[in-house]
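The sequence shown lines up with residues 3 to 429 when you count with my numbering.
Glycine residues also receive a C-beta, built at the ideal position from the N, C-alpha and C atoms.
Computed from a predicted structure; not experimentally measured.
Written below as structure tokens is the structure these notes are about.
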Amino acid sequence: MVKINETKMKGKKYDPFIEATFQYERAANKLDLEPWIYNRLKHAERELTVHMTITRDNGKVETFTGYRVQHSTLRGPGKGGIRYSPDASLSECKALAAWMTWKTAVLDLPLGGAKGAVICNPPEMSECELEKLTKEYTYSIKDIIGPQKDIPAPDVWTNAQTMAWICDAYSRYVGHFEPAVVTGKPVCLGGSLGRSQATGLGMYYTLLETSKHLEFPLEGKKVAIIGYGNVGSSIARLLHEYGCKIVAITDLYGGIHSKNGITIPELDAYVAQRKTVKGFNKHDSITNDELLEMKCDILLPCAMEGMIHEGNADKIKASIVCEGANGPTTTEADEILVNKKVFIIPDILANAGGVTVSYLEWVQDVQRIFYEEEEVKNRCWKMMQRSFWDVIRVSEKHKTDTRNAAYILAVQRVADSVRLFGKIGRN
Ligand code: GLU
């Protein structure tokens, strides 16, 4: 029998891994998992820390630290992005790797969960430095990644170019072109059509299903978005085209709001040049805290972990929160939102469009057969739709909120595999 709150220590500084473990424990408890299965899934299979030394453009030699954590490779190769960030840490990587295991399981993909990171600050680095660092990092983790072992992908501050460098370094190591070692590559190197917009598209599909489930038409609804990178901008475009009013957006440098709605295609042209939404069209400025508190129908957190917390959750007025980021809501905040009857589309479902199309990219690379964009979108739509209703059914069956339901569904699927493989001879 698993004790709830075993890991969560109230009053402690925000720690993503403690959050992730608590979410897992809550679902494991509901399922009354056997202790041996519970313990096996609580910890990552492997946590690798690496150090890479490169010569910077100014001639100075610098050492960087990176990680690759494989939480589970039980149902298939580890799968998950690599993020570049000055705030990256092993604890964050462990949380993100576990979230990937649950995400691939919610979607019932034949993949496990993993995550990587390098502590660095890309906006302050040249293209050449980033290429060197990426290739050194790839070399450092080369023995534990591969098309049948663990398949990285883009995440915060990494993109198709980063994946092309990883593909190059890995291909040279194995002695032949191996596109299936990473997903989110440029299309000309075996990337999938539709991959770059896939996370936003997946969020959009979950919102369409939510609209049916709650009988809540999306037309004219007010939307606020935190984070305007790849995910935030793709979902903004789709909802704007659908007829929603995007009333506020913030990014790393500032934010804008407009009661009448922001014109997204014009904003995108502006962001392409200025790299920020700040200052667009003389709209009034807004901070993250103000955005969270403003009157809107749908809130889309698409930036980092822990941005919805105990201190601001109560002030949220949106009736739907669709999580584009991984882990944007702390456990305390989650409880507040659930009590306020906010409908949450949890991260492991809401942002799973990215890994779903990554899965399709891997399938295409392994077979060397490539799909039209329509086919990719259709397959992704069907998989997201099926998973959404799976989560709703579990939430009705267990009389629980959607986040806990998504975890119950995922933990059940992975636990069933562990049980079938048996206790002996595996760690
Ligand atoms: N980084 C994305 C995520 O957190 C995509 C992972 C992938 O495609 O493997 O879901």
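Inter-residue spacing [alpha-carbon to alpha-carbon] between residue i and residue j
i, j, result
"residue 252", "residue 325", "15 Å"
"residue 201", "residue 392", "19 Å"
"residue 388", "residue 382", "10 Å"
"residue 344", "residue 217", "15 Å"
"residue 37", "residue 422", "15 Å"
"residue 48", "residue 285", "48 Å"
"residue 112", "residue 78", "5 Å"
"residue 374", "residue 342", "43 Å"
"residue 141", "residue 320", "45 Å"
"residue 333", "residue 164", "33 Å"
"residue 75", "residue 426", "17 Å"
"residue 62", "residue 327", "35 Å"
"residue 291", "residue 191", "41 Å"
"residue 370", "residue 150", "16 Å"
"residue 126", "residue 87", "11 Å"
"residue 92", "residue 209", "32 Å"
Short Cβ contact (7 Å threshold) for residue i with residue j
i, j, result
"residue 331", "residue 310", "yes"
"residue 211", "residue 24", "no"
"residue 186", "residue 155", "yes"
"residue 245", "residue 18", "no"
"residue 308", "residue 26", "no"
"residue 399", "residue 298", "no"
"residue 350", "residue 322", "no"
"residue 80", "residue 34", "no"
"residue 70", "residue 148", "no"
"residue 1", "residue 206", "The structure shown does not extend to residue 1, since the chain is modelled only from 3 to 429, so the question has no answer here."
"residue 238", "residue 228", "no"
"residue 295", "residue 261", "no"
"residue 58", "residue 131", "yes"
"residue 196", "residue 340", "no"
"residue 90", "residue 121", "yes"
"residue 304", "residue 233", "yes"
"residue 242", "residue 249", "no"
"residue 168", "residue 184", "yes"
"residue 97", "residue 22", "yes"
"residue 257", "residue 247", "no"
Sequence-distant residues of the same chain with beta carbon closer than 7 Å to residue i, five excluded per side
i, result
"residue 269", "279, 282"
"residue 385", "109, 358"
"residue 116", "70, 71, 72, 73, 80, 81, 82, 99, 102, 152"
"residue 199", "236"
"residue 335", "310, 311, 312, 315"
"residue 39", "417, 420, 421"
"residue 372", "366"
"residue 42", "420"
Cutoff 8 Å; reference residue i; Cβ partners in own chain excluding five residues on either side
i, result
"residue 394", "215, 404, 407"
"residue 213", "219, 220"
"residue 32", "400, 402, 406, 410"
"residue 231", "158, 253, 304, 305"
"residue 143", "50, 52, 68, 70, 118"
"residue 171", "136, 137, 140, 141, 144"
Neighbour-count burial assignment, residue i, 16 or more Cβ in a 10 Å radius
i, result
"residue 181", "buried"
"residue 51", "exposed"
"residue 123", "exposed"
"residue 178", "exposed"
"residue 54", "buried"
"residue 380", "exposed"
"residue 424", "exposed"
"residue 363", "buried"
"residue 145", "exposed"
"residue 94", "buried"
"residue 114", "buried"
"residue 368", "exposed"
"residue 348", "buried"
"residue 418", "exposed"
"residue 353", "buried"
"residue 275", "exposed"
"residue 413", "buried"
"residue 222", "exposed"
"residue 85", "buried"
Any C-beta of chain B under 7 Å from that of residue i
i, result
"residue 30", "Protein chain content of the structure displayed is limited to a single chain, and chain B is not contained in it."
Contact set for residue i: own chain, Cβ-Cβ below 6 Å, skip 5 residues either direction
i, result
"residue 396", "407, 410, 411"
"residue 272", "282"
"residue 128", "59"
"residue 203", "355"
"residue 415", "107"
"residue 1", "No information on residue 1 is available, as it lies outside the stretch 3 to 429 that the chain covers here."
"residue 175", "144"
Handout entry: Validate contact between the stretch 346-360 and the stretch 100-107 using beta carbons, cut 8 Å, 3 pairs
Key = Look at the beta carbons and you see the stretch 346-360 touching the stretch 100-107: at least three pairs across the two are nearer than 8 Å.
Exercise for the section: Check whether the stretch 49-66 touches the stretch 126-146, taking contact to mean three or more Cβ pairs, one atom from each stretch, closer than 8 Å. Expected result: The stretch 49-66, when compared against the stretch 126-146, does touch it at the 8 Å Cβ threshold.
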